[in-house]
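> Sending over a structure as structure tokens; questions will come in a sec.
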Amino acid sequence: MSPPQVVETGVIHGRFQPLHLGHQEYLLAGAEQCRTLVVGITNPDPWTTAEETTDPERGMPESNPCTFYERYLMVEGALTEAGVSRERLRIVPFPHSFPERLAHYAPADARYLVTVYDDWGDAKLDRFHALGLRTEVMWRRTDKPISGGRVRRSIAAGQPWEHLVPPAVARVVKEWGIDERIRG
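Structural data, given as structure tokens:
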């Protein structure tokens, strides 16, 4: 299988609660496929978060301890630290719970890059197709070794967690008191 053709603009998205090494793999793979990478931060605020039947925990307040701005800092820090120039990045809110709003946040003519691990991934892909967006599934996997939930549980339990996230993210978590917030 040959690598995908590089396009002008790619759109990739995630909740990043917090951004972990699995997210970074996905983000960097997406950055290789486009000149400009639009990173959409989902569930940008409590008012643009809806219950998702395929993943009910994703909308719960305890699953969303980081603000949009904190996640913006995580995305920007992790990607620039990994060598992606700021000039190539656009970081935007991405309220995918309300697909009719997405065109107000990200370009409809971009390539939408997704990964699928479960029914939730397929549901997002279906939403993008219903909107007529050009999508590419970068990979389908059933094993997800790192999750935001795992990182949050490790922080809450006082267990090591820094090895699960890029160094820039660990700094944001500590500097903004996100670790203390998660521990309650």
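So the sequence shown is numbered by our numbering: it starts at 216 and just counts up by one.
We put the beta carbon where it would ideally sit given N, CA and C, even for glycine.
All values derive from a computational prediction rather than experimental measurement.
On the three-state DSSP scale, how would you describe E266?
As a first step, residue 266 must be located in the sequence shown, where it is residue number 51. Note: E266 maps to coil in three-state DSSP.
> Helix, strand or coil for T282? Go by DSSP, reduced to three states.
Working through the sequence shown from its first residue, we reach residue 282 at position 67. DSSP places T282 in coil when its eight states are reduced to three.
> Should the stretch 376 to 396 be regarded as contacting the stretch 244 to 260, the criterion being three or more beta carbon pairs within less than 8 Å?
Contact between the stretch 376 to 396 and the stretch 244 to 260 is not established, with fewer than three Cβ pairs separated by less than 8 Å.
> Name, in chain order, the residues that DSSP records as bridge partners for G255.
What you label residue 255 is simply residue 40 of the sequence shown in a count that begins at 1. According to DSSP, which records beta bridges pairwise, G255 is partnered with H228 and V307.
> Go ahead and pull the three-state DSSP assignment for V331.
Counting from one through the sequence shown, the residue named residue 331 turns up at place 116. Three-state result, V331: strand.
> Pick from W335, A265, S312 and G347: whose alpha carbon is nearest that of Y327?
Stepping through the sequence shown from its first residue, residue 327 is reached at position 112. Closest option to Y327, Cα to Cα, is G347.
> In the DSSP output, which residue or residues are listed as bridge partners for V352?
Here the question's residue 352 lines up with position 137 in the sequence shown. DSSP output for V352 lists V329 as bridge partner(s).
> Which residue's Cα is closest to the Cα of V330: A318, F343, P322 and A321?
Working through the sequence shown from its first residue, we reach residue 330 at position 115. Residue identity differs from the one stated: residue 330 is Thr in this sequence, not Val. Considering only alpha carbons, the answer is F343.
> Would you mind working out which of F231, E223, V384 and K389 sits nearest V307, comparing C-alpha positions?
Numbered from 1 along the sequence shown, position 92 holds the residue referred to as residue 307. Ranking F231, E223, V384 and K389 by Cα distance to V307 puts F231 first.
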